[in-house]
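Step one of this worksheet: look at the structure below.
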Amino acid sequence: MSHGSTHDLPKECRISEIMQYICTPQRGAFGPSVHCTPVPRLFRICPNIPAVEVTRVLNIDLATGDVAVPKDLSSQLPTGKAWCDVVKHDKIQEPKS
């Protein structure tokens, strides 16, 4: 991925990419195989706040791979929580009858 206009990001923030794959087993003439399709995911990473996936809101030129950050990026993103602030409920409570 090449980076285009990131001037609308706060100075201490950056856009990072991870590549994930969706794989499906297939049966072919020469036996079973696995076909995988790459799925790039882009994240805004800033110090002291949770990373937020921004893949769907960035402007990506599919021909060149350039990425431009929209001027109103922050208003298009959901709010996030740090993992330490996420409440986990281990047991499902049955309703009282």
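The sequence shown maps to residues 270 to 366 in our numbering. The beta carbon of each residue, even a glycine, is placed where N, CA and C say it ideally should be.
**Report entry** For Phe312: DSSP bridge partner residues
**Finding:** Ser285 and Glu322
Query raised in the report: Exposed or buried, what is Val303 when buried is set at 16 or more other beta-carbons lying within 10 Å of its beta-carbon?
Result: exposed
Query raised in the report: What are the boundary residues of the alpha helix (DSSP H) that Leu342 is part of?
Result: Leu342 to Gln345
**Report entry** Same chain, Cβ closer than 7 Å to Glu281, neighbours up to 5 away in sequence not counted
**Finding:** Cys315 and Pro316
Query raised in the report: Roughly how many angstroms separate the alpha carbons of Gln295 and Pro301, rounded to a whole number?
Result: 6 Å
Query - Distance between Ile361 and Met288 (C-alpha atoms, nearest Å) - result: 35 Å
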